[in-house]
Every structure is written in structure tokens, then in C-alpha cells.
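Chains as they are written, first to last, in our numbering: chain E, 1 to 429; chain P, 430 to 907.
The beta carbon of each residue, even a glycine, is placed where N, CA and C say it ideally should be.
Contents: one structure, followed by commentary.
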């Protein structure tokens, strides 16, 4: 009943040289219909390549870094009619099995039938040969007690890949420290709910970026003791200056945005407070101070959040930074950023100013130690000692890693940022 | 437990009730008690041990030992050892057989006491999901329980149209009673039980005929493993009729007149006794399981999950009553699982195989994948068969017909199945089971040093044949 199906790269819009980012299958693995088997990246987007068949992967023809195009052979799948029809069935049930009966009675197909072997469906459906986890009965019991699915271990450290008790322990430890997105670190996971009992639902896969971001954010959330400090900067003079600058420009010129000033002010403050331009060593014993000033800008894209990095901000002028910011933001939105464009940041700015808001608590982009959140500037009445005057006030939210930065330092840092934004002539000092 | 059991004041209450004191039942009771549970064990007979200990494995092995001594002495006449014709004191042999069972019975009774298990003798039936009524000599006793383990076993299959009241028509229990040695004994069913009893009565002097419906004796077992036994008993026994069924049995004064039909059917003939050994039926319908809401299928089996739970979560079932193979070693394994799950441990049926042994002469044993199954399921395999004719130990026993076979995964060399035939072959299967459970490759076995000269060496030799390292045989390379 088994037959071989070739999985090929589908039509992705006549794009040649699609890069293979990741291959998620290997020979012998059982895949379900529509299961993602590889991640391809075009210049525009990354694509999760779904399996067009259910069955056992026979051979894989691509590896990360390969260039493929429409019609390229990705893998062959040994499909059985049963799996093709019912891909959600547990794949092991398909495997041939040694029957345990000593008598010639046949295991029944259905429980309802009068059956000699009703009690031993497990035995009857047990896979043979290489498909069984290579683990002794004692290790299998140990895994059962801990709730470990041995098929996830693939190979163990024993002779010929035998899975030992230590392998099971290490797997659990690893799952607890790394599988955070799945609720690791001893944190109970959020129980699954069948939402369809309340009404119609639809499942949508998260983009790769979103999944990666999610894992990263969870890791940061669980590892960093974070404090968010809220303040407001007086942008009235700066805004006047910015408007003046922009009014000098001709129609096609790139306008300078407020964000560029914030970047400049932030870097100037970081030069005064070196602990903000630092990372904690992996063992948490040392602070690594950076002598370069790169600022990451969180950019919202259709695929998710990306953070392109502006390099050597301290050496660049407002115009140059404006141009670079515009270019990188555009690349980000088109999905054209290269990994190098997103590496080496010292601090990150997350600006919701274009949308609104009064305050929020951004999450530090670790191993950086701080992130500056920006919401929309608003004209507000400010008491100048004699009277209320209208001033353009910009809400700022600084989240920092409290292991590196004390509360007072955070407040002092922010007051310096505010000073620069309140009177940008100070940037010249 | 969704409801609190109603406690009848005159009733006995227990945490775990085990229904049936066979190997599965007493193992479950002992394990549950060792895990701190309060246990009531219900057994209908005055002695524990069930079919296995009283009318099955143990007494049959005792009698088979007698047969072995007779055969070995006989066969060594040609090599210069002669005791003369053996004589049998049936009463003494029977008493010895009973003493074997008896000492095991006593041992079990001690183990029950030591564990402070309440043993009730009587026939138990469910009256609700939390109660059983036990018909004892002293009247009806009610026991309420929090969890129950059904281990009520099986009974020999009776064929209704046969004259079952005739004392010359035996089942396996009758045959083990050793009342007399019939001159002509017909054995209906060429399976393990039938052939074991054939071995015994042949040694005691009966003229044996075997009739089997299928085209080989021990149906289901690979033919190459059966062949040495078949060749041997074909010479020893009067008749072995394959693909033949018994059409009818009539009681006559001078014997049981049996008529046959089928491929090799002979004319009807008279026998002094007929042993019907056509399998066993589960006792699922005898315990009023429906009163407890426990599902019993048409055949009388109780379906369970891999934690031995029936459809009623606090009631477990184990052993013959849950399905084939009906073997004591399967029941004890399941008994432990049921007791452990009842005690809150995370146990489950996780064994890769249940070994089978026919205590015939030669013995036949197998485990894991058989060639029959591999061929049916289209599994490709490597095979090695080591002939015992090349084993010094086997030759020194005066026997050379044995074989040791290993089936391995074609790619990984991992052991998938094994089988042996030969004197004492049953003892050899344990290593194969361990190898399978440990995920051993043929190479793992061939690289383990086996003592010489032993029959167990043949397993290593077969593994060497798979690995291509055998030196005790010369295998021509193509």
C-alpha cells in the first residue's frame, strides 16, 4: 500500500535562487500533511514549506544554504494510503509490528469485534527495528515516570546510540532550561483549550520571525529583572528646530524625523553613562563595556518585529542618520534585511510615537541592558513657576536590566537624555 | 473514583480487591500490598496458584520431567546404557506431581500471610461497581472495594457436541490427573498443550494419535522450528493427522469411537481416551462484570488499555481474561502493572515481546518477530539459523536436530526476533528476550562471551552468522 511521493518546491512567484534557511526533516522521520518541512527565504519573505504528503521521509535532497527554485526536489516521502487519508493519526500505528500471540488468532481491527487480542493493542502496534527507541526496559520505565517521549531523544550516549537514564535526565534538564516557549523552567504551561466549543475558530501559523521573537522575549522575560522608568522630555524647542530644518529642504529631500534626535540624545547620554552601553558576561560576573555606539530600532513589519541596527551613531550627523534609518526601515518592511543589519546593537529604541499612547513597558533586547520606549508627543500645559505654558512633551519609558543598572542611575540617565532633547545645543558640548 | 462506595456495615471493605488467585492475581495482590494497599484476594479453590500451579504449567512440567527421563534412558540404550524397560507406579508419580504443586501452594499461602492479605475462598461476582459478593462455604460474603483487579482467568474450551460427560473424554485438567494410562490416546489439537500431554502419555506407554485442523502442528510457529519436533514425533506416535477435524465422538462400551473429516481423514477408530486440547476460553462472562459496568466482549474477553484499566477506570483486568496469549508470564507482568497503577505509579504495558515455549521434546521457543509475521507484514530481515548438529553440547546429549534462529533488522542489525528448537531450548529464549528489550544488535550478542560448551552458545553462533564472524561453520561467500 506504500508509495513514494516527491515533494518539490511549489510556485512561489517565479523567484529563482531561493535560499534554504533550515531543513526540519530527516530520513526516517514521519511527517503529516501540511507539516512544515523546510524554511525557504526569498528576498521578500521567508516561506514555511509544507509537506504535500504524509508518510515517512525517505530521502532529503536539500540542506541549509542551498539555492533552490520552483520544481526543485526537496524530499521523497514513503506514503501509505492510510497516512495520506488520515495524517493526524499517530504515525507509529502504521509501523509493522511483531505480534505477541502464540495462538494463531489474529489481532482484531476494531475493538468492537470479538477479539482475542483486545488487551494487547500496544503489542500489536509496536514498531519494529530501528523505529523503537534504543532504550532498555528500565530506561523506558524511567522515561514513562518523567513523561518523556523517548522518540524525541533520537540517539543516546550509550553504545550504538543507546539511550541511558542520564540521557533522559539531561533531556529533561535541557527541556527545563531551553524549552521556555513551551513553558519550561518548571513553569507550568498554559493548558490547551478547545476553543471550538465556544464558536468557530481558525488556526494560523505564526511566522518564523514571530516564533523566534517569542522565544527570545520569553527568555528575556524569565532571565532579566527589569524595571521601567517613565518620564517626559520637553520637545518644544527641538520640534521648532526640526521644522525649521525641514522647511529648508526641497520637496524631494528626506525629512528629518524626531526619532533621529532621540537616537543622538540617547547616544550622548550613553557616552556619559558607560554602564548603559554594556552587556553582562554570560556568567553574570563581569560587565563588558562597549566602545562603539550602535542603536537598534524596532521596526514593525508585516512578518513581525525586526530590529535593524544603526552603526557608529556617535560619528554620524543627523542627515546621514536620517538617510540610514529610512533605508533600513524600508529594507525591514520588505524583508530584505541581512543578518548583519540586525547585529551588534548596544541599546534599542522602540517607538510607538507614530501610533499613539502615553506610556508602555518595553522588554530589554538582551544581552543589551536597556531599551527606550517612545510614545506620541503631546502639547501639554507645563507650570514654569509663574504660569502654565504650552509645551510639547514626549513620554519616554526606559526599561533596564536591574542587575546592571540601579534605579538612581536609571533616573539620572533619563534626566540627561531629557536635557539633550530639551536643548539640543548641549549635543555640541 | 467518582462516587464513594456505599459501605454496608456487615460488609468487608478494602482498598484493592483482586478477583482470582492465579499467577496474575496473586502477583497483583502481592504487589499492591507491597505498595501499601489493603488487599482482599478472592480465590474459588482452596489453594492459590490458579490453573498454572494446580492444573497447568507446574504439574505438566513435573510429568514432562518423567517423560524426559524415560526418553533419555531409552535413547541411550543404543549407546550402551541400559536400565531395562521402565515400570510406572502411577500413584507415586501422581503423589510426587502433587507434592510439587503442594509445596508451591504452601509457599503462596505463607506469602499471603506475611503480607497481611485477606484471602477469601469462594466464587466472586460483581453486584455493583464497588461491591462483589462471594459465595463461600459459610455463605455469601460481601466485599466493598475502592479498586478492583479482575484476574479470573480462563477454562479449557469444550466442544458441545462431544460426549463431555464420558470420563474418557478429557480436557487438560483431566489429563494431568494421571488416573490411568490409556492404551490408545487421541489428542484433538496439535497445539502446545496437546503436544505436551502427548509427550507425557507417550513416555508412559500410550499409543498416541494427534489430529490437527491446520497444516502444521503448533500453528503460528515458524515451520522450520516445528519441523524437528514433527519429524521426531512422527516416528514416535501412531498417527499425526493434519488438516483434519474430528467429525464426531460416540461413547461405546469398548471405547470412544471417533470419526474424522478433512484432507488426511482416516476411517473412524476406537480410542481408550480422547484429550480435547483446542484452546482456552476466557472467564469474562462468569463474574457478572456487567453489574460493575465492565465491558466484556462476545468471546468473554475484557478489553483493557495499556495500564490494564477496563472501561471502568477503577477496575483493572489482567491475564487470560484480557486476551491472548494466555500465558502465566504475561499475567504476572500485567498483574504488577495493574497493582502499580492502582497504587498511583506510572506503570504501563511496555514489553516488546512475550516469549512462547512448548515443553515438548525437543522444546520449541520463540519471541519477537516470527518469519511468518515478517512475511505477512512485508518486513525485510536478515536471518541466521545455526544447526545444533554443530554444537558439541547438543551432540553430547545425543541430539542433533536443534536449530537456533535469529531475525535482524536488515539495516541496523538490531535483533527483531529469535526462535530455538532442541532439548532445553526453552531456557535459551531468556537471553533473546533480554537482547530484544535492550535493543541489542546481533553484533552485541556475538561480542558477548558465551560459556563453552553450552546450548546457549548457539544463540551467539547465530548472531555471528548475522555479523559474518562465524568460525564454527564454514559459510561460502558468493
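Tell me, please, whether the CB atom of residue 518 of chain P is closer than 8 angstroms to any CB atom in chain E? no
Per DSSP, what kind of secondary structure is residue 174 of chain E in: helix, strand or coil? helix
Can you list, in chain order, the residues of the stretch 763 to 775 of chain P whose Cβ is nearer than 9 angstroms to any Cβ on chain E? Listed by position, the residues of the stretch 763 to 775 of chain P near chain E (Cβ gap below 9 angstroms) are 763, 774, 775.
Under 8 angstroms, do residue 386 of chain E and residue 318 of chain E count as touching if we go by C-beta distance? no
Mind pulling the chain E residues with CB within less than 8 angstroms of residue 866 of chain P? 136, 137
What residue does the beta strand (DSSP E) around residue 481 of chain P start on, and which one ends it? It is not in any beta strand (DSSP E) - residue 481 of chain P instead sits in the alpha helix (DSSP H) that spans 479 to 484.
Enumerate in chain order the residues of its own chain whose CB-to-CB distance from residue 668 of chain P is below 6 angstroms, with the five nearest sequence positions on each side excluded. 638
Measure from the C-beta of residue 160 of chain E to each C-beta in chain P and report whether the shortest distance is under 8 angstroms. yes
Could you name the residues that DSSP lists as bridge partners for residue 583 of chain P? P:711
Output, in chain order, the set of chain E residues within a Cβ distance shorter than 7 angstroms of residue 777 of chain P. The contacting residues are 144.
Mind checking which residues open and close the alpha helix (DSSP H) that includes residue 420 of chain E? 407 to 422
Assigned exposure category for residue 802 of chain P - 16 Cβ within 10 Å defines buried: buried
For a contact defined as C-beta to C-beta under 9 angstroms, what are the partners of residue 132 of chain E on chain P? 781, 843, 868
Residue 375 of chain P vs residue 504 of chain P beta-carbon contact at 8 angstroms: Coverage of chain P is limited to positions 430 through 907, which leaves residue 375 of chain P absent and any answer about it impossible.
For residue 849 of chain P, which residues of its own chain have a beta-carbon under 6 angstroms away from its beta-carbon, when the five flanking residues on both sides are left out? 794, 833, 857
Secondary structure of residue 453 of chain P, DSSP reduced to three states: helix
If distances are taken between C-alpha atoms only, which option among P:488, P:482, P:450 comes closest to residue 472 of chain P? Ranking P:488, P:482, P:450 by CA distance to the CA of residue 472 of chain P puts P:450 first.
Unbroken alpha helix (DSSP H) run spanning residue 247 of chain E, endpoints: 236 to 248
What did DSSP end up calling residue 783 of chain P once you bin it into helix, strand or coil? The answer is coil: DSSP assigns residue 783 of chain P none of H, G, I, E or B.
Considering just the uninterrupted stretch of the beta strand (DSSP E) at residue 20 of chain E, what are its terminal residues? 18 to 23
Can you tell me where the beta strand (DSSP E) holding residue 553 of chain P begins and where it ends? 552 to 557
Tell me whether residue 774 of chain P sits in a helix, a strand or coil according to DSSP, three-state version. coil
Given 8 angstroms as the limit, is there contact between the stretch 718 to 728 of chain P and the stretch 553 to 564 of chain P, that is, 3 or more CB pairs closer than that? yes
Using C-beta distances below 6 angstroms, list every residue in its chain close to residue 811 of chain P, excluding the 5 sequence neighbours before and after it, in chain order. 837, 839, 895
Cβ contact check for the stretch 329 to 345 of chain E and the stretch 308 to 317 of chain E: 3 or more pairs under 8 angstroms: With the cut-off at 8 angstroms, the stretch 329 to 345 of chain E and the stretch 308 to 317 of chain E touch.
Would you grab the beta carbon distance between residue 31 of chain E and residue 77 of chain E for me? Rounded to a whole angstrom, and I think it's under 8 angstroms. That pair is a contact at about 7 angstroms.
Give me the DSSP bridge partner(s) of residue 397 of chain E. Answer is E:230, E:373, bridged to residue 397 of chain E.
Does the beta carbon of residue 4 of chain E sit closer than 8 angstroms to a beta carbon anywhere in chain P? no
Extent of the continuous beta strand (DSSP E) to which residue 195 of chain E belongs: Counting along the chain, residue 195 of chain E falls outside any beta strand (DSSP E), and DSSP gives it neither H nor E.
Under 8 angstroms between C-beta atoms of residue 546 of chain P and residue 457 of chain P: no
Under 8 angstroms between the Cβ atoms of residue 402 of chain E and residue 225 of chain E? yes
Express the C-alpha separation of residue 313 of chain E and residue 429 of chain E in angstroms, rounding to a whole number. 16 angstroms
Less than 8 angstroms between the beta carbons of residue 872 of chain P and residue 851 of chain P, yes or no? no
Return the chain-ordered list of same chain residues with a C-beta closer than 7 angstroms to the C-beta of residue 213 of chain E, the five sequence neighbours on each side being excluded. Closer than 7 angstroms at the Cβ level, and outside the excluded window around residue 213 of chain E, lie 304, 305.
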